[in-house]
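Residue numbers (this note's numbering), protein chains in the order written: chain P, 1 to 478; chain Y, 479 to 582.
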């Protein structure tokens, strides 16, 4: 049995018309994924027993004539910062190389309740800190489009898994662009929903006021369907939102006539690049669909990188304090005192980028610097959010690049952390404001590297974002 | 210079991170560059702006429903001692064991 890359609808049709069973599909997907993994390293580990057990449940439901759920038989790859009961969850870190969580994340629980099949856990930058997936303790991921290039990060494994067709959809996590940027680099759809739209229960904390779980998929509709399954209030995450979850996929009408779109002046400074040209071409396409496009201003943009890397590292330095050798599997072997045990465990366990961010976060929170850095950054965050609120008085959605450049070569940027941070500029602003944003493929460079276009909308207005992205995607099909 | 090697060592102590000499030198250079970039925040006027710790405070309160509704007060089973200790590097007697803290 050889199964082509399928959509969620394709899986459903195949199952209901008995072309294949969920167990056959899962078995074939696992064989294919394990073979492909030699090239990309997208997965850190597979979960065949759990996948096949879930698939058999779907088959039983179908045999009994019951509704098998909106994700029936759909293979899902899950980023390894999202916990899975009884299945290794490493966060890409040596510290958690043997960590087996005692519970499931809410998003994973909801996927399985909806009939989804957990394929395995995907590689990522250590504790989701990075923009290239080169910070994983278990080696980098290679971009399936061009294997000498990075897949982006930090959800690089999830983006690569979807791009190579080894899973129908995937879960990633996004703190400053970690879903959208790899989606852009690998040529797939990546969605960062409104902050609080998806429960963070079971998402290993990096920066709690910025962390999101979100979908990656090969089509806008599939990403919308997956978000519909995982979104909604969860009593186990006090910041999860109670707003009703619309049927996102049902709202993809293809009609975007009269929608007002904003192009941020501050993002368009350097549009001579191929990326810039592809974005502008995408904007022309949206105009041809009947959207009104106007230039808008987000004046605080120049301060976003500094703001983000103060707030995110401050929160990270607190959140990562728990990895001290007491509870989570790894402990340095040679410590006389408790204090030495903490210091040695953390010194040996964390990789360079995590250490750098813990240091930065500790510094900006330390006595004498708190007001100048952390408090100031929280105020500028207020200004950045206000910029978006003002813009959304004039427009329904904002269109922007995702990354200043397409996928770069492995090793090309590892020696300059500041340059790597600065490349997050277009994704970080939306993260700081907590608004929904997504990357949708908008063409390829002359070298054949995918470029993503970003769409941002008001808090909880994922519907407009999906509708616009879907209408655009229809124009891109050949 | 924004940060010295001595300050890097102090911050590493605060963070309970043991760094090698090479790491101290590397992080001094890295953090110095990053902190210089962060200085640009001094250019922007934030007088009268409230610090933002929660992004949805401006959003529709009915949508966010945070802190306005209490969950039902129902007893649920805790994780349990065995599960909680399953990942401990050194469990013992139902506890997490660590090196001696107090000299007798």
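Glycine included, every Cβ here is placed at the ideal spot set by N, Cα and C.
Quick caveat, the model's predicted, so the values are computed rather than measured.
Short Cβ contact (7 Å threshold) for residue i with residue j
i              : j              : result
residue 156(P) : residue 141(P) : yes
residue 310(P) : residue 373(P) : yes
residue 358(P) : residue 493(Y) : yes
residue 25(P)  : residue 73(P)  : yes
residue 223(P) : residue 189(P) : yes
residue 334(P) : residue 341(P) : no
residue 565(Y) : residue 201(P) : no
residue 466(P) : residue 283(P) : no
residue 317(P) : residue 345(P) : no
residue 463(P) : residue 164(P) : no
residue 159(P) : residue 186(P) : yes
residue 58(P)  : residue 68(P)  : yes
residue 530(Y) : residue 458(P) : no
residue 567(Y) : residue 331(P) : yes
residue 128(P) : residue 93(P)  : no
residue 71(P)  : residue 229(P) : yes
residue 78(P)  : residue 171(P) : yes
Per-residue contacts from residue i into chain Y (C-beta, under 8 Å)
i              : result
residue 86(P)  : Ordered by position in chain Y, no residue passes the 8 Å Cβ test against residue 86(P), which lies about 10 Å from the chain.
residue 359(P) : 486, 489, 490, 493, 495, 505, 509
residue 375(P) : 529
Neighbour-count burial assignment, residue i, 16 or more Cβ in a 10 Å radius
i              : result
residue 258(P) : exposed
residue 454(P) : buried
residue 507(Y) : exposed
residue 322(P) : exposed
residue 76(P)  : buried
residue 112(P) : buried
residue 403(P) : buried
residue 502(P) : For chain P, the structure presents residues 1 to 478; residue 502(P) sits outside this window and is missing.
residue 121(P) : buried
residue 477(P) : exposed
residue 119(P) : buried
residue 210(P) : buried
residue 378(P) : buried
residue 254(P) : exposed
residue 479(Y) : exposed
residue 580(Y) : exposed
residue 16(P)  : exposed
residue 132(P) : buried
residue 557(Y) : exposed
residue 528(Y) : exposed
residue 409(P) : exposed
Chain-ordered chain Y contacts of residue i [CB-CB under 7 Å]
i              : result
residue 120(P) : Near residue 120(P) there are no residues of chain Y at all, since even the closest Cβ is about 20 Å away, more than 7 Å.
residue 380(P) : 519, 522, 524
residue 456(P) : Near residue 456(P) there are no residues of chain Y at all, since even the closest Cβ is about 14 Å away, more than 7 Å.
residue 366(P) : 489, 492
Listed by chain order, chain Y residues near residue i by CB distance under 9 Å
i              : result
residue 137(P) : The premise fails here: residue 137(P) is roughly 16 Å from chain Y at the closest Cβ pair, so nothing lies under 9 Å.
residue 362(P) : 489, 490, 492, 493, 495
residue 433(P) : 533
residue 344(P) : 496
Cross-chain neighbours of residue i in chain P, by beta carbon under 7 Å
i              : result
residue 508(Y) : 356, 417
residue 579(Y) : 338
residue 557(Y) : 102
residue 479(Y) : Going along chain P, no residue has its Cβ under 7 Å from residue 479(Y), so there is no contact; the nearest lies around 14 Å.
residue 576(Y) : 326, 338, 341
Contacts that residue i makes with chain P (C-beta to C-beta distance below 8 Å)
i              : result
residue 530(Y) : 378, 379, 381, 382, 385
Neighbour list for residue i in chain P, Cβ cutoff strictly below 9 Å
i              : result
residue 501(Y) : 347, 352, 355
Distance cut-off 6 Å: residue i Cβ against heavy atoms of the ligand ADP
i              : result
residue 521(Y) : The ligand ADP is not among the ligands present in this structure, which contains no ligands whatsoever.
> Counting only runs that start and end within the region 104 to 138 of chain P, where is the beta strand (DSSP E) found for 3 or more residues in a row?
Replying inline: 117 to 122
>> Suppose only complete runs of 4+ residues qualify. What are the alpha helix (DSSP H) ranges in the region 138 to 204 of chain P, listed by chain order?
In response: 156 to 163, 180 to 186
> Got a sec: which bits of the region 562 to 574 of chain Y sit with their beta carbon under 9 Å from any beta carbon on chain P, in order along the chain?
Replying inline: 562, 563, 564, 565, 566, 567, 568, 574
>> Closer than 9 Å between beta carbons: that is the criterion. Which residues of the region 233 to 244 of chain P meet it against chain Y?
In response: 233, 235, 238, 239, 240, 241, 242, 243, 244
>> For the region 390 to 417 of chain P, list every residue whose C-beta sits within 8 Å of some C-beta in chain Y, in sequence order.
In response: 417
> According to a CB-to-CB cut-off of less than 8 Å, which residues of the region 308 to 342 of chain P neighbour chain Y?
Replying inline: 309, 310, 317, 321, 324, 325, 326, 327, 328, 329, 330, 331, 335, 336, 337, 338, 339, 340, 341, 342
>> As an exercise, report each continuous alpha helix (DSSP H) stretch of at least 4 residues that is fully enclosed by the region 351 to 394 of chain P, in chain order.
In response: 352 to 365, 376 to 394
> Name the residues in the region 91 to 110 of chain P whose C-beta lies less than 7 Å from a C-beta of chain Y; which are they?
Replying inline: 99, 100, 102
>> Give the list of continuous alpha helix (DSSP H) stretches no shorter than 4 residues that lie fully inside the region 274 to 334 of chain P.
In response: 274 to 288, 304 to 319
> Unbroken alpha helix (DSSP H) runs of length 4 or more, entirely within the region 219 to 278 of chain P: which are they?
Replying inline: 220 to 230
> Relative to chain Y, which residues along the region 188 to 210 of chain P have a C-beta separation below 9 Å, given in chain order?
Replying inline: 194, 195, 196, 209, 210
> Which runs of the alpha helix (DSSP H) fall wholly inside the region 419 to 466 of chain P and span at least 4 residues, in chain order?
Replying inline: 425 to 433
> Taking a cut of 8 Å between CB atoms, which residues from the region 283 to 311 of chain P lie near chain Y?
Replying inline: 300, 302, 303, 305, 306, 307, 309, 310
> What are the start and end residues of each continuous alpha helix (DSSP H) run of 4 or more residues lying completely inside the region 494 to 538 of chain Y, in chain order?
Replying inline: 499 to 516
>> Just to confirm the assignment: which complete alpha helix (DSSP H) runs, minimum length 4, are found wholly within the region 27 to 63 of chain P?
In response: 48 to 63
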